[in-house]
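Residue numbers (this note's numbering): 87 to 325.
For glycine and all other residues, C-beta sits at the position ideal for the given N, C-alpha and C.
Fair warning: this is a prediction, and the values are worked out from it, not measured in the lab.
Right, here's the structure in full:
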């Protein structure tokens, strides 16, 4: 769900080999936060912007029962895979305006998308447009300052989640290219969302499914300090 306008990036994200899903642990944590924010009311419209293959919506479904979930993505391949998991999916691009009326959404899920965008400023403007006043934004993104990235940088190693090429991985652990263009720390993300017109910004942490098995307990423990967690979960409200 990049809507970048670059043919090379479009081709990259339409490649079925490029991952469009993130870990279920992050999805469940995010869904629980959203369910708590929405409260006991039902029938709220939740728009999953950049829904990918729908696996995040599948993991969130037990926590969002009674609400209307609509998935939107610009990738035809992602929507094809998402349709079995999300009853209602539509094609849309952030660059050209999402196919939703002003102020129609009670909540927006924006999961593992912002790090792929050339123009995140316009994207957040569009999310604000479709949210009702005081509507909820649930955003997740990898943490540049994750606990292991701090150690890697001290050792002169490229941080996990960062990439210098769409053709291969250079200078960091891992082998999978996913097209990350921007990375945030907790402090930067909080400041950025506030400047974009959101209020009551709260940052929590989530584990990363790609952490080696022997380090997963440590990764889960790091979630207690959001600034050091693998994944940043931001909950904010439209100002």
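*Would you grab the beta carbon distance between residue 200 and residue 268 for me? Rounded to a whole angstrom, and I think it's under 8 angstroms.*
Contact flag correct, Cβ pair sits at about 7 angstroms.
*Around the Cβ of residue 281, are there at least 16 other Cβ atoms within 10 angstroms (buried) or fewer (exposed)?*
Under this definition residue 281 is an exposed residue.
_Report the CB separation of residue 321 from residue 119 in whole angstroms; it is logged as a contact under 8 angstroms._
6 angstroms
_Using a Cβ-Cβ cutoff of less than 7 angstroms, which residues in the same chain neighbour residue 202 once the five nearest sequence positions on both sides are dropped?_
88, 265, 266 and 267
*Residue closest to residue 163, alpha-carbon to alpha-carbon, out of 136, 151, 143 and 307*: Nearest neighbour of residue 163 by Cα position, chosen from 136, 151, 143 and 307, turns out to be 136.
*Grouping DSSP H, G and I as helix and E and B as strand, with all else coil, what is residue 268?*
coil
_With H, G and I counted as helix, E and B as strand and the rest as coil, what does DSSP make of residue 228?_
strand
*Given residue 134, which residues of its chain have a CB within under 6 angstroms of its CB, disregarding the five upstream and five downstream residues?*
143, 157 and 195
*Could you check what DSSP says for residue 313 in three-state terms: helix, strand or coil?*
If DSSP states are grouped into helix, strand and coil, residue 313 belongs with the helices.
_On the CB-based measure, 16 or more other CB atoms within 10 Å of its CB, does residue 229 come out buried or exposed?_
buried
*asked:* Measuring only the C-alpha atoms, how far is residue 170 from residue 191?
replied: 22 angstroms
*DSSP bridge partner residues for residue 343 (one or two, in chain order)*: Nothing can be reported for residue 343: it is not among the residues displayed for the chain, which extend from 87 to 325.
*asked:* My output table needs one value for residue 280: the three-state DSSP class, helix, strand or coil.
replied: Three-state DSSP puts residue 280 in a helix.
_Where residue 159 falls, given that 16 or more other Cβ within 10 Å makes a residue buried_ = buried
*Compute the Euclidean distance between the alpha carbons of residue 175 and residue 240, then round it to the nearest angstrom.*
44 angstroms
*Separation of residue 311 from residue 138, as counted between CA atoms*: Straight across, the Cα-Cα distance linking residue 138 with residue 311 is about 28 angstroms.
*Taking the alpha carbon of residue 221 as the point to measure from, which residue in 116, 299, 324 and 114 has its own alpha carbon closest?*
324
*Beta-carbon contacts of residue 132 that lie in its chain and below 6 angstroms, excluding the five residues immediately before and after*: 153, 155 and 193
*residue 147 - containing alpha helix (DSSP H), residue span*: No alpha helix (DSSP H) holds residue 147; DSSP gives it neither H nor E.
*Decide if residue 92 is buried, meaning its Cβ has at least 16 other Cβ atoms within 10 Å, or exposed.*
For residue 92, the pLDDT reaches just 49, beneath the cut-off of 50, and the residue's location in the model is therefore unreliable, although a value from the coordinates is still provided. Label assigned to residue 92: exposed.
*For the candidate residues 115, 258 and 304, whose alpha-carbon lies nearest to that of residue 244?*
258
*Mind checking whether residue 235 and residue 250 have CB atoms under 7 angstroms apart?*
no
*For residue 309, which residues from the same chain have a beta carbon less than 7 angstroms from its beta carbon, with the 5 sequence-adjacent residues on both sides left out?*
291, 292, 293 and 315
_Reference residue 113; option with closest CA among 145, 122 and 121_ = 145
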